[in-house]
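Chains as they are written, first to last, in the numbering used here: chain S, 379 to 667; chain G, 167 to 427; chain Y, 109 to 514.
C-beta: ideal position from N, C-alpha, C; glycine also.
Below is one structure; the comments refer to it alone.
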Amino acid sequence: MSSTSSLILKLSPLALPYLALFCGGVFLTVCQSFGLLTPLPYPGGMVDAYLELLTDSSFFASFVFSLGVAAVSAASAVTIGTLLAYRIWKLPGRLATVALVYKIPLVLPHIAVAFVVLVFWSQSGILASAAHQLGLIRSMTEFPNVLYSGWGIGMILAYTLKGTPFAMLLVMAMLVRFDARQIQTADMLGASGLRIFFSVVLPRLAPAMHTGFIILFLYSFGAFDIPYILSESRPGMLSIQVYNLYFKHDLARRPEAMAILTIMFGFAVLFIVAYSKVVRRLEDGVRKL
Amino acid sequence: MKHLVTLLVLAMLFVLPVVVLMLIGLAPGWRFPHVWPDEFSPQAIAYLVRNHERILTSLSSSLLFSMLTVLATLPMCLIPAAVFARVDFPGKALVEGLLLTPALVPPMTFAMGLHYVFIKLSLTETMLGVVIMLAMFSYPYMFRALVAGFQSMGEDYRMCARNLGAGPLAIMLKVELPLLIPAVIAGGSVVFLVAFSEYFLVFLIGGGSVDSFTGTLFPLLSSSNRSLAAVLTLIFLFLPIALFVIMDTTLLRLYRKMQMI
Amino acid sequence: MKRTLVIIALYFTMTAPTGLYAQTADADLAKTPFSRIEEQARGSQVSWYMFGGWAHVNTWVDTYVAGEMKTRYDIDLVRVPMDAGVFVNKLLNEKAAGKKKGNIDLLWINGENFKNAREAGLLFGPFAQKLPNVQQVVDPDSIAFDFGFPVDGYEAPYGRAQFVFEYDTAQIAEPPTTMAALKQWIHANPGRFTYPQPPDFTGSAFIRQVFYAVTGGHAQYLAGWDPDLFARKAPLLWQWLNDVEPYLWQKGRTYPQDSAFLDTLFSRGEVGLGMSYHPPHAQNKIIEGTYPETVRTFVMQDGSIYNIHFTAIPFNSPNKSGAMVLANFLISVDAQLSKYRPENWGDFPALDPKRLSPQDKRRFQAVDLGPATLGPEQLNPVAVPEIPADYLEAIEQGWRDHVLNE
């Protein structure tokens, strides 16, 4: 047996389901977006669904809005997660065990996290009540309108809360392998705590942070659980639009739902490729310095 | 002092929500401007007791398909992970990147396309269909963990076993797999959590026939009965945590035993 | 929409032979006497797909209905929570994929979902006239139409709902009881009113009530879809809704996604008025502990929409006999009475009081609806029927174009 065929054989437990189910699934989604292989024959032209979307200004608004919510929440989750992970890593042993509570939101489903955000941040929520008790506000309408500002802040808060422990998990895995003596050395050489963090620790953690960002960003971009609870009427999230098109309308609009999915898929793939290219170039640049 | 601040921030972010969920569960009438509920009521607990059978059924169903998903991803990833950890071949980075995409792209993008095929194959409304779908987008976590596990194990054990005359199957089962257990647990935990907390795919493929705890929880979380929603969320939280604790302690005991022998 | 349905219909005639076997068996069922059907169903399992967002309704189904089905007919009832729009879509997918044996036996359905399902040939029937309880205690006229669409025996009645508003007597002394007064009230209390965003069931019904009130009543629309009439009258509706929009909760920039969300806003006092398509809703919420004890219900004097909600059987139900037995039990005097009690659910019976024995009538009258629920004497005088479903779709689409995105 040649080495190539043995390689293929060894990869087949993963490669076969990947090709049949994942690639097959994406292929069917793309086909249906062109009105082919739909459950019922589709009367329109091949690109009707795309024309419909591209001429709809609310589609663009939704797309940009979904991107914004995903980018801001992923960036803040990674930032907060990295800082907290570093702080936990520096905790003495016994306290570090207590710090394991950070894993709680990892277990909570997204929709429950959305529920928690709702309970805390609505104008009649816990924080508003606290502000009232402290005499900061007199009635609930004076509490800042966090959830319905039109900026998706509620969803950003929920994604950040859910994403932070995930980023922490990834960063912690890096930190475990990190040699504390490097910090001691830098310390002895007179570097400040801030300086140590930024020039010694952070570069080591970068790979975990990049991975975390990509995963969180793309998840928030495409998932529908949190928007289901926290999204506003306008602009809507893309995933909600797909859900409504798929489940709440008749089969004639199936190609439209699939076209949105195809665009989302294409974007996700492009994003992964572009992001890893940029990161690699940056890292090469750093290495040359 | 600095440590205290760290712990305080952690508590505010991650413990406070759980405390508040408990309070909501016990006090359905808790509303603005009270910071502490003025009245407690066992309504939600009573509902729980009345419906314990149904809740337990959906919990065990969720547990079952999540476990099966973990079990399905393991054989899928084991040999390919070994290859990725040890063999260099042209286009490896690309293939690895491609194999990780199912966890990155929105699962709706391929699940909705597959849905129709699953109906044709009578895989919808079956546990099997649900497990296939869940395994298909959660395996990258297992794969990554196993690749890392094989890398940190190195080649020495395998060489040694081979020199002592063990065949490839025996090496895999008796030498490598036991050494891989931490990696399997790490990957398996993530796969389990992903499967256990998934609502949409189970709903799409299971079509209501495959019971799931998220399926019970979801309509209630978006309803106005917040007390009940909070209590069910706490159960949801408790089960995986209990499972992980049990697993950790038994493993520890197992390791101690193995070393003693 | 219409075009699609024609295509769907064509498609199914092309693939008719696949459905032939099921049809003959179904035809047999139509000839079988009901006592025989009950016998066939004994020891079987029935899956009932229904909206799952109301814990008290879930409990009632899981305990009372499931218990009675078991003791009376030895049938195991499985309740599956799923929104009506979603199971109709699921059935469409299954029909298109040629799946002859599905897994849904009974649906809780009405209105546009029924119309969509019926037009796409997703329902088994007619079966309603076969049910002994429908023959005995239901007024056939009351179930002839569902949102203006002929029922033709493809649905069995299950309950009666009517649109009510809710307010907290501790906060508001006199609630507005006409649409004109409501408008004034909204202007006088900015930020204290909103309605769920269509296609939410409740929000959509609220808009229809406004439509009736500002365009001169419901009678003109009942004859069927009239695009000219709609084009002439609809601007009055958009004007009313846009007039109040800046004074709504969040200045009308966003609307609650669904009625549960509005309930939450109301229960926490963020808005002053709640609304529901279910007269006992406020009482249920008080019992549940979510609403303050001081909440009461009122109706608009210029019309309060009512409807009948139904159960139906999908074309590919694996246990049609069992589904019929369940549908028949649900419309029985016992089940309707149990459902009427506010501690169980409080849903109004779909029975004809004139057809009840004096003894049964007294049993219904003896039910204490609770202080927050209006009785038939307040509800019946203002009750107006639902609009034909074509208007409903036009209004929902128009709301997107003229109110949300204008």
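Point to revise | Cβ shell of ARG252(G) (< 8 Å), same chain only, five flanking positions each side left out | key: Answer for ARG252(G): PHE316 and GLU321, listed in chain order.
Practice item. Kindly list the residues whose CB is nearer than 6 Å to the CB of LEU415(S), restricted to its own chain and excluding five residues on each side of it in sequence; keep chain order. Key: CYS409.
Exercise for review: Report the option in SER389(G), VAL376(G), LEU222(G) and GLY354(G) whose CA atom is closest to the CA atom of ALA301(G).
Suggested key: Closest in alpha carbon position to ALA301(G), among SER389(G), VAL376(G), LEU222(G) and GLY354(G), is GLY354(G).
Check your understanding: Would you say PHE231(G) reaches chain S, if we count a Cβ-Cβ gap shorter than 9 Å as a contact?
Key -> Answer no: the Cβ-Cβ gap between PHE231(G) and chain S never drops below 9 Å.
Check your understanding: How many Å lie between ILE534(S) and MET274(G) at the Cα?
Key -> Going by C-alpha positions, ILE534(S) is about 21 Å away from MET274(G).
Practice item. For MET642(S), go through chain G and note every residue whose CB falls closer than 7 Å to its CB, in chain order. Key: Going along chain G in sequence order, the residues near MET642(S) (Cβ under 7 Å) are PRO272 and THR275.
**Study point:** For LEU264(G), the nearest candidate out of LEU389(S), ALA463(S) and PRO487(S) (CA to CA)
**Key:** Of LEU389(S), ALA463(S) and PRO487(S), the residue nearest in Cα terms is LEU389(S).
Check your understanding: So with Cβ pairs under 9 Å, would you call TYR363(Y) a contact of chain S?
Key -> So yes, TYR363(Y) belongs to the interface.
Practice item. Report the partner residues of HIS417(Y) according to the DSSP bridge assignment. Key: According to DSSP, HIS417(Y) bridges with GLY267(Y).
Review point. Who are the near neighbours of ALA236(Y) in its chain, counting only those whose CB is closer than 6 Å to its CB and skipping five residues on each side?
Key: Cβ neighbours of ALA236(Y) beyond the five flanking positions: VAL242, GLY261 and ALA264.
Exercise for review: Would you please verify whether the beta carbon of ALA336(G) is less than 9 Å from any beta carbon of chain S?
Suggested key: When Cβ-Cβ separations below 9 Å define contact, ALA336(G) makes no contact with chain S.
Point to revise | DSSP state of ILE371(G) mapped onto helix, strand, coil | key: In the three-state reduction of the DSSP assignment, ILE371(G) falls in the helix class, which pools H, G and I.
Point to revise | Beta-carbon proximity of TYR172(Y) to ASN452(Y), cut-off 9 Å | key: Taking a C-beta distance under 9 Å as the contact criterion, TYR172(Y) and ASN452(Y) qualify as a contact pair.
Check your understanding: Per DSSP, what kind of secondary structure is TYR537(S) in: helix, strand or coil?
Key -> TYR537(S) falls in the helix class under three-state DSSP.
Practice item. Would you please verify whether the beta carbon of LYS388(S) is less than 9 Å from any beta carbon of chain G? Key: By the rule that beta-carbons nearer than 9 Å mark a contact, LYS388(S) touches chain G.
Review point. If you check the beta carbons only, do PHE303(G) and PHE284(G) fall under 9 Å apart?
Key: With contacts defined as CB atoms closer than 9 Å, PHE303(G) and PHE284(G) fail to qualify as a contacting pair.
Check your understanding: PHE198(G) CB to nearest chain Y CB: under 9 Å?
Key -> Chain Y has a Cβ within less than 9 Å of the Cβ of PHE198(G).
Check your understanding: What span of residues does the beta strand (DSSP E) with PHE374(Y) cover, start to end?
Key -> DSSP places PHE374(Y) in no beta strand (DSSP E) but in the uninterrupted alpha helix (DSSP H) bounded by 367–375.
Exercise for review: For PRO307(Y), go through chain S and note every residue whose CB falls closer than 8 Å to its CB, in chain order.
Suggested key: When 8 Å is used as the limit between beta carbons, PRO307(Y) is near these residues of chain S: LYS626, in chain order.
Practice item. Could you say which of LEU461(S), ARG612(S) and ILE650(S) lies nearest to SER435(S) if we only look at CA atoms? Key: Nearest in C-alpha terms to SER435(S), of all of LEU461(S), ARG612(S) and ILE650(S), is ARG612(S).
Review point. In the structure shown, what three-state DSSP assignment does ARG310(G) receive?
Key: In this structure, ARG310(G) counts as helix in the three-state DSSP scheme.
Check your understanding: Nearest-angstrom Cα distance between THR277(Y) and THR286(Y)?
Key -> Approximately 18 Å, taken between the alpha carbons.
Exercise for review: Would you check if the distance between the CB atom of ASN415(Y) and the CB atom of GLU494(Y) is smaller than 9 Å?
Suggested key: Yes, these two residues count as a Cβ contact at 9 Å.
Check your understanding: From this set, TYR606(S), ASP557(S), PHE599(S) and ALA439(S), which residue's C-alpha is nearest LEU270(G)'s C-alpha?
Key -> Just measuring C-alpha positions, the residue of TYR606(S), ASP557(S), PHE599(S) and ALA439(S) sitting nearest LEU270(G) is PHE599(S).
Check your understanding: Between the stretch 135–148 of chain Y and chain S, which residues of the former have CB atoms less than 7 Å from a CB of the latter, in chain order?
Key -> Within the stretch 135–148 of chain Y, no residue has a Cβ that lies closer than 7 Å to any Cβ of chain S.
Practice item. Look at the Cβ atom of PRO364(Y), then the Cβ atom of GLN305(Y), and state whether they are nearer than 9 Å. Key: The Cβ atoms of PRO364(Y) and GLN305(Y) sit closer than 9 Å to each other.
**Study point:** Under the three-state DSSP convention, the category GLN511(S) falls into
**Key:** In the displayed model, GLN511(S) falls within a helix according to three-state DSSP.
Point to revise | Of the residues PHE544(S), PRO391(S) and VAL647(S), the one placed nearest VAL404(S), counting alpha carbons only | key: Checking every option, the nearest Cα to that of VAL404(S) belongs to VAL647(S).
Exercise for review: State the Cα-Cα distance for the pair LEU397(S) and LEU280(G), rounded to the nearest angstrom.
Suggested key: Across the structure, LEU397(S) and LEU280(G) are spaced so that their CA atoms are roughly 13 Å apart.
Exercise for review: Find the residues of chain S that neighbour LEU512(Y), judging by a C-beta separation of less than 7 Å, and give them in chain order.
Suggested key: The contacting residues are SER611 and ARG612.
**Study point:** Minimum C-alpha distance to LEU225(G) - residue among MET178(G), LEU400(G), LEU417(G) and ALA212(G)
**Key:** Per the Cα distances, LEU400(G).
Check your understanding: Mind checking if LEU373(Y) is an interface residue toward chain S, Cβ cutoff 9 Å exclusive?
Key -> Yes, contact with chain S.
Practice item. Could you please give the first and the last residue of the uninterrupted beta strand (DSSP E) stretch that includes TYR303(Y)? Key: No beta strand (DSSP E) holds TYR303(Y); DSSP gives it neither H nor E.
Point to revise | Per DSSP, cross-strand counterpart(s) of GLU274(Y) | key: As a beta-bridge residue in DSSP terms, GLU274(Y) pairs with GLY382(Y) and THR405(Y).
Practice item. Report the neighbours of GLY195(G) on chain Y: residues whose CB is nearer than 8 Å to its CB, in chain order. Key: The contacting residues are GLY397, THR398 and PRO400.
Check your understanding: To which residues of the same chain is ARG658(S) closer than 7 Å at the C-beta, ignoring the five residues directly before and after it?
Key -> Nothing meets the Cβ criterion.
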